[in-house]
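Here is the structure we will look at.
Residue numbers (our numbering): 2 to 258.
Laid out in structure tokens, this is it:
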């Protein structure tokens, strides 16, 4: 597929756009769980309330120039904000590198949704229905634009992803008499299926399991107790597994066409 943007402009565009979007996503991830408006009100220091000026809102650069501290009170700024900005930029760069043009832009959108959901699930064990619903709908809309996989594969992926984890959750609760999955996990896998198609769902679950295993090993190495009762944010694990699979899928399609 021929790229829409000039080849030399794609990397710069992707990185800059990713940084800007990442700044918004970081604000959303911070404010939404607290019930604060994401768009209303000026950005301010969470400690002293100092309203940030334009020069203090430049993604990444402001954080570095201020040594990661509030210019007014000197309180250390949570590194999560910087991490989200950098992750969003990396997602955009990889997506447009794997598939320049509309496919890559769609992939960046997919990655940004996953990043937001992963952060919310990791920090708050919360997968908002509105966000997973938007992820599913944008995936199906992308299929309407004839971007592979086909719309039929996406629809089947949505149903199969949701149904598979929902059935597992019901069986687990029936046997163990307690919840084994969060209510948002089946919706999350269904939404991922609306992007990757049904064929990728087993790989998403396999990848999530491998990531979870690595997390468990790292916890053990740091002295944290890991046993059968230890909970992990499955939504975050699936998100981490899903985006690399999209990159592989997009690269294969781009080579084929």
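We put the CB at the ideal spot given by N, CA and C, even for glycine.
Three-state secondary structure assigned by DSSP to residue 124: helix
Distance CB(residue 140)-CB(residue 209) smaller than 9 Å: no
Range covered by the alpha helix (DSSP H) that runs through residue 61: Where residue 61 is concerned, there is no enclosing alpha helix (DSSP H), given that its DSSP letter is neither H nor E.
Range covered by the alpha helix (DSSP H) that runs through residue 87: 80 to 99
Cβ contact (3+ pairs, closer than 8 Å) linking the region 216 to 227 and the region 171 to 188: no
Which of helix, strand or coil DSSP assigns to residue 160: helix
Beta-carbon gap between residue 97 and residue 149 smaller than 9 Å: no
Exposure of residue 234, with buried meaning 16 or more beta-carbon neighbours within 10 Å: buried
Given 8 Å, three or more beta-carbon pairs between the region 151 to 160 and the region 108 to 118: no
For residue 130, the first and last residue of its enclosing alpha helix (DSSP H): 130 to 145
C-alpha gap between residue 135 and residue 129, whole angstroms: 10 Å
Three CB pairs or more closer than 8 Å across the region 13 to 32 and the region 53 to 71: yes
Neighbourhood of residue 74 by C-beta distance below 8 Å, restricted to the same chain and skipping five residues each side: 46, 48, 49, 51
Option nearest residue 117 by Cα separation, candidates 89, 204, 199, 79: 89
Cα-Cα separation, residue 14 to residue 105: 12 Å
Buried or exposed by the 16-neighbour rule on C-beta atoms within 10 Å, applied to residue 54: exposed
The alpha helix (DSSP H) enclosing residue 12, as first and last residue numbers: 11 to 32
8 Å Cβ shell around residue 94 - same chain, five flanking residues per side excluded: 12, 15, 16, 19
Residue from 184, 194, 164 with nearest C-alpha to residue 143: 194
Run of the alpha helix (DSSP H) containing residue 39, from where it starts to where it stops: Neither: residue 39 is in no alpha helix (DSSP H) and is coded neither H nor E.
Continuous alpha helix (DSSP H) stretch holding residue 150: start and end: No alpha helix (DSSP H) contains residue 150, which DSSP labels as neither H nor E.
Residue 133 CB to nearest heavy atom of the ligand NAD below 8 Å: The ligand NAD is not among the ligands present in this structure, which contains no ligands whatsoever.
Under the three-state DSSP convention, the category residue 227 falls into: coil
Short Cβ contact (9 Å threshold) for residue 205 with residue 243: yes
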